[in-house]
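Asks:
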Amino acid sequence: MSGGTRAQDLRTLGGQLAGLLWRQHSIYRERNGGIVIRGEHVARWISLSAGGTRQLHVRAGRLLEGGTTAPARAEAVVPRECGLGELAGVCRRLLAETAGGGAPEAPARHPAPDRAERGARRSARSGDSRRRRARWTAGVVLALAAAALAAGLVR
1 MSGGTRAQDL
11 RTLGGQLAGL
21 LWRQHSIYRE
31 RNGGIVIRGE
41 HVARWISLSA
51 GGTRQLHVRA
61 GRLLEGGTTA
71 PARAEAVVPR
81 ECGLGELAGV
91 CRRLLAETAG
101 GGAPEAPARH
111 PAPDRAERGA
121 RRSARSGDSR
131 RRRARWTAGV
141 VLALAAAALA
151 AGLVR
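Counting from 1, one number per residue, gives the positions in the sequence shown under the UniProt record's numbering.
1) Mapping the DSSP letters down to three states, classify Q16 as helix, strand or coil.
2) Out of H41, V77, I46, which one is the CA nearest neighbour of R54?
3) Which of the three DSSP states is assigned to Q8 in this structure?
4) Using a Cβ-Cβ cut-off of 8 Å (strictly less than) and excluding sequence neighbours within five positions of G33, which residues of its own chain qualify?
5) Mind checking whether S47 and E65 have CB atoms under 8 Å apart?
6) Do the CB positions of R62 and T98 come within less than 8 Å of each other?
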């Protein structure tokens with residue numbers, strides 16, 4: 001990327017990249033100066049941001065119902081000097097990882113963990129807290145018994 005400011009270069013690169021990836025796309029500027037390319041028809045997004053002076057940070061994720069962006073599911077760092085074709089290849093690989101190997105489904109939904117899995121996790125945690133609480137209670141009972149003996153309340 002030569003000439004102009006980095007933000008303009010990134011915007012130009014993003015426009016060229018978007019044309020290679022998807023026919024229908026929208027390009028937005030991020031607060032950090034990077035850009036986001038959204039492919040509404042495939043429910044995916046790609047983000048490009050400067051990772052220093054010689055690198056680009058590329059992230060990919062899904063679009064949820066209502067058009068909100070889900071957190072990035074795949075990331076890569078590429079040299080700024082790489083060609084447009086190489087960058088498009090990296091983006092396609094990240095988008096494939098984001099898709100989870102299958103064809104893109106209509107707005108992505110993450111399945112909730114099944115009840116058995118949630119219950120196992122919860123019971124493992126509660127077992128630790130039960131032991132801790134039992135230990136604390138036993139300590140309090142022993143302290144009260146020792147105090148009662150010292151005060152002469154128990155013969």
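Backbone N, C-alpha and C define an ideal beta-carbon position, used for all residues, glycine too.
Please read all numbers here as calculations on a predicted model, not as lab measurements.
Replies: The structure says:
1) Note: Q16 maps to helix in three-state DSSP.
2) Relative to R54, the option among H41, V77, I46 whose CA is nearest is V77.
3) DSSP places Q8 in helix when its eight states are reduced to three.
4) Answer for G33: R6, A7, L10, S49, A50, listed in chain order.
5) Taking the C-beta atoms as reference points, E65 is found no nearer than 8 Å to S47.
6) A Cβ-Cβ contact shorter than 8 Å links R62 with T98.
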